[in-house]
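Colleague: Protein sequence lines, in the order shown, are assigned to chains V and B. To convert, note that position 16 of the first sequence is 723 in this note's numbering; the numbers rise steadily by one, no gaps. To convert, note that position 182 of the second sequence is 889 in this note's numbering; the numbers rise steadily by one, no gaps. Sending over a structure as structure tokens; questions will come in a sec.
Protein chains: 2
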Amino acid sequence: MAKDQGKGAGRRLTARDWVDEALIALGEGGLASVAVEPLAKRLKTTKGSFYWHFANREALIDAVLQRWEELNTEGVITAVNDEPDPERRLRNLFKAVPAATDGDPIEVVLVGSVRHPQVAAALRRVTERRIDYVTQILAELGFPADEARRRAVLIYTSHLGQTHLMHAAPDVLPAGRDDRKRYLETVLEVLLHRD
Amino acid sequence: MAKDQGKGAGRRLTARDWVDEALIALGEGGLASVAVEPLAKRLKTTKGSFYWHFANREALIDAVLQRWEELNTEGVITAVNDEPDPERRLRNLFKAVPAATDGDPIEVVLVGSVRHPQVAAALRRVTERRIDYVTQILAELGFPADEARRRAVLIYTSHLGQTHLMHAAPDVLPAGRDDRKRYLETVLEVLLHRD
DNA sequence: CGCATCCCGTACGGAGGCGTATAGGGGCTG
DNA sequence: CAGCCCCTATACGCCTCCGTACGGGATGCG
């Protein structure tokens, strides 16, 4: 019979459990919320558990950043990458990525802690990976290399700004179904137009 | 003769001095750095001074947010608003605003503390003010009202994303003088194009 | 059942931040 | 120059968090 150690308190924890909970906390309250004792409360356990699985708080931060990076680059990109047509792949990105990440505050929150060396490194890697990916699609679409790169940066900044706005002032973004659709059309038309 | 109470330690401070220093700290280390005792160290004074000028830390946070809001909306907009031609006004925005704000991390840092009610309110106000301003310019340029609004949001998100990138991964943005110029041209052409 | 290993609970010391109380110094005004 | 008011220094208690020490319960295995 399976262990059936439910999800309530009292069960044994793994390092993974701590990382998962830290990821949630990171999104909710920033890097400052990736703190041992508060997390212990959330997990209904104590520090004693934490310091068994991790050397210290820094180790947890490293782990949570690494996990975020994985879920992100690999997860999202491979989810869209099986579409052969580059234009439709891009359209999928425009539709799928916001749906998957607009609610996700981590990206935006992390920039606030960019002084943290590990955070800065993770952000750099993720950003470059994504822009390279968009650049490649634009190149497939026939844009010359340098123009593709510039457009990719523009496209990515607009995406970034959108998730930024989503948290800073969601009211200004189109809310209704139709409004959102029209907005998406405008964005696509503008960002992908060719003379 | 003027007071000549230099800038060194030992001089009397005003609430304004605390707010100015807090503004710097906010940019450097986020809201968490708007902390009484660390600021006292930077100002080479003690908490005793602070709690004379302010009721508590919250009061300082409110003051620093208000000051940021002023420096921002009023400052930047009135600096560009005397240009009569709307297209050139927009171009000025594209050139002037990044130059003035790309080095300024406060906007980006604040989103990380959007759970703070005062922060959320300030961000909403500033954002709406700016987008309204851009919308108005686009309307002057002849875009229909709803399209103007959509484009303004797109333009603003791209700007936001750019200052975001500037801190998250400055390497991916065009660095050289010429590259930057070409990038700006691409951005303007794409974002302002009309069929 | 007995026992070793794994994992957690608890208690402690230290650091840093908030807010308060209170004494005192320095400059302005008469 | 005397006194008063504005501002600052110092000391204190409290809270939250980090990290360590160590005791002890649970769990799997023979």
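By construction, the Cβ of each residue, glycine as well, lies at the ideal position given by its N, Cα and C atoms.
I want to see whether chain B comes within less than 8 Å of V:L898, judged by CB atoms only; does it?
Modeller: yes
Colleague: Give me, in chain order, the residues of the same chain whose beta-carbon lies closer than 6 Å to that of B:D809; leave out the 5 immediate sequence neighbours on both sides.
Modeller: Same-chain partners within the cutoff: T870, M873.
Colleague: So which of V:A846, V:L891, V:E814 has the shortest CA-CA distance to V:R832?
Modeller: V:E814
Colleague: Quick one: Cα of V:R719 to Cα of V:N763, how far?
Modeller: 19 Å
Colleague: Round the Cβ separation of V:L861 and B:T842 to the nearest angstrom and send it over; I've been treating them as touching at under 8 Å.
Modeller: The C-beta distance from V:L861 to B:T842 rounds to 20 Å, too long to meet the 8 Å contact threshold.
Colleague: Taking only beta-carbon atoms, is B:Y863 less than 8 Å away from chain V?
Modeller: Output row for B:Y863: interface = yes.
Colleague: Taking 8 Å as the CB-CB limit, is B:R798 close to chain V?
Modeller: no
Colleague: Does B:I858 come within less than 8 Å of chain V when only Cβ atoms are used?
Modeller: Before going on, a small fix: residue 858 of chain B reads as Arg here, not Ile. At least one beta carbon of chain V lies nearer than 8 Å to the beta carbon of B:R858.
Colleague: Extract the residue ranges of the alpha helix (DSSP H) inside the region 802–840 of chain B, only unbroken runs of 4 or more that lie entirely within it.
Modeller: Runs found: 813–818.
Colleague: Check the Cβ of B:Q825 against every Cβ in chain V and list those closer than 9 Å, keeping chain order.
Modeller: In chain order: nothing, as chain V lies at least about 14 Å away.
Colleague: Quick check on B:E735: buried or exposed, where buried means 16 or more other Cβ atoms within 10 Å of its Cβ?
Modeller: exposed
Colleague: Mind listing the chain B neighbours of V:D878? Cutoff is C-beta to C-beta under 8 Å, in chain order.
Modeller: R831, E835
Colleague: Using a beta-carbon distance below 8 Å, is B:Y758 in contact with chain V?
Modeller: no
Colleague: Of all the CB atoms in chain B, is at least one closer than 8 Å to the CB of V:L848?
Modeller: V:L848 is outside the set of residues whose beta carbon lies under 8 Å from a beta carbon in chain B.
Colleague: Output the distance between the C-alpha atoms of V:T780 and V:Y840, rounded to the nearest integer angstrom.
Modeller: 10 Å
Colleague: May I ask you to report which of helix, strand or coil DSSP gives V:H866?
Modeller: In this structure, V:H866 counts as helix in the three-state DSSP scheme.
Colleague: Say whether chain V places a C-beta atom closer than 8 Å to the C-beta of B:Q869.
Modeller: yes
Colleague: In three-state DSSP terms, what is B:V787?
Modeller: helix
Colleague: Determine the burial state of B:K710: buried for a count of at least 16 other Cβ atoms within 10 Å of its Cβ, exposed for fewer.
Modeller: Since pLDDT at B:K710 reaches only 41, below the 50 mark, its modelled position is unreliable, and no value is offered.
Colleague: In the structure shown, what three-state DSSP assignment does V:F903 receive?
Modeller: Any property of residue 903 of chain V remains undetermined from this structure, which presents chain V solely from 708 to 902.
Colleague: Quick one: residues in its chain with C-beta nearer than 7 Å to the C-beta of V:L845, no 5 flanking neighbours on either side, listed in chain order?
Modeller: A855, R858, A859
Colleague: From V:P851 to V:R796, what distance separates their C-alpha atoms?
Modeller: For V:P851 and V:R796, the distance between alpha carbons rounds to 19 Å.
Colleague: Among the residues of its own chain, which have a CB less than 7 Å from the CB of V:R887, if the five just before and after it don't count?
Modeller: The residues are P881.
Colleague: So what's B:N763 in DSSP terms, helix, strand or just coil?
Modeller: coil
Colleague: Identify which residue in V:E794, V:W775, V:A766 has its Cα closest to the Cα of V:T834.
Modeller: V:W775
Colleague: Pair every Cβ in the region 734–753 of chain V with every Cβ in the region 786–796 of chain V, then say whether three or more of these pairs are closer than 8 Å.
Modeller: no
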